[in-house]
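Numbered according to the working numbering, the sequence shown spans residues 4 to 123.
What follows is a set of notes on a single structure, which appears directly below.
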Amino acid sequence: MTDITVPDDFPRPKHLGAVPGVQQKFLAIEYKGRYYTPGCTPPELHERWQHCMQLVPQFVTSCIETKAGKRKDMAEADILDQYLVRLIEAKWVSEDEARWVIRETAKLLGWPAPEAAHDN
4 MTDITVPDDF PRPKHLGAVP GVQQKFLAIE YKGRYYTPGC TPPELHERWQ HCMQLVPQFV
64 TSCIETKAGK RKDMAEADIL DQYLVRLIEA KWVSEDEARW VIRETAKLLG WPAPEAAHDN
């Protein structure tokens, strides 16, 4: 893998680690001569982004079917909000990634993203 690109708005994992001792320390992983926080090397981020990108078209399809069917009178942001709750509960991705997936889904649909999908 030579060209690993992930959108800037894709969430980065947050690791708050502690290592005992007197001197301050930080957790880092070396990749190609550079240091990254755990889970944030280019290949790791690319893998997480690809996983999330596989979910987006599935949610687009589900949202379209939901809006055309039993929830035709429901606001689009509310439909997305319900899918956000389910995605977080399923734990397929992190909560930050779930919000990103729903924002991307909203963007593709041209729907407003629910308030809960915005970054905390």
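Don't be surprised by glycine CBs; every beta carbon is placed ideally from N, CA and C.
The alpha helix (DSSP H) enclosing residue i, as first and last residue numbers
{"i": "Arg74", "result": "No alpha helix (DSSP H) contains Arg74, which DSSP labels as neither H nor E."}
{"i": "Trp103", "result": "98-112"}
Buried versus exposed, by CB contacts within 10 Å (16 or more), residue i
{"i": "Glu68", "result": "exposed"}
{"i": "Arg106", "result": "buried"}
{"i": "Arg102", "result": "buried"}
{"i": "Val9", "result": "buried"}
{"i": "Ala120", "result": "buried"}
Option in the options with minimal Cα separation from residue i
{"i": "Val104", "options": "Pro41, Lys70, Gln53", "result": "Gln53"}
{"i": "Thr40", "options": "Leu30, His49, Leu48", "result": "Leu30"}
{"i": "Arg15", "options": "Arg37, Pro23, Leu48, Gln26", "result": "Leu48"}
{"i": "Ile32", "options": "Gly42, Ala120, Val96, Gln26", "result": "Gly42"}
{"i": "Thr64", "options": "Ala93, Tyr86, Asp76", "result": "Tyr86"}
{"i": "Ala80", "options": "Gly113, Ala93, Lys94, Lys73", "result": "Gly113"}
{"i": "Phe62", "options": "Val88, Gln27, Arg37", "result": "Val88"}
Proximal residues to residue i (C-beta, below 8 Å), its chain only, five neighbours per side dropped
{"i": "Tyr3", "result": "The structure shown does not extend to residue 3, since the chain is modelled only from 4 through 123, so no value can be given for it."}
{"i": "Glu98", "result": "Ile91"}
{"i": "Val7", "result": "First, the residue type needs correcting, since residue 7 is Ile and not Val in the sequence shown. Once the five neighbours on either side are set aside, the close Cβ partners of Ile7 are Pro45, Pro46, Leu48, His49."}
{"i": "Val96", "result": "Arg51, His54, Cys55, Leu58, Leu90, Val104"}
Span of the beta strand (DSSP E) around residue i
{"i": "Arg37", "result": "37-39"}
{"i": "Glu33", "result": "32-34"}
Neighbourhood of residue i by C-beta distance below 6 Å, restricted to the same chain and skipping five residues each side
{"i": "Ala116", "result": "Arg106, Ala109"}
{"i": "Leu83", "result": "Ile105, Ala109, Pro117"}
{"i": "Met4", "result": "The pLDDT assigned to Met4 is 46, lower than 50, so where the model puts this residue is not dependable; a value taken from the coordinates is nonetheless given after this. For Met4, where only same-chain residues beyond five positions count, there are no Cβ hits under 6 Å."}
Cβ shell of residue i (< 7 Å), same chain only, five flanking positions each side left out
{"i": "Glu100", "result": "Pro14, Arg51, Cys55"}
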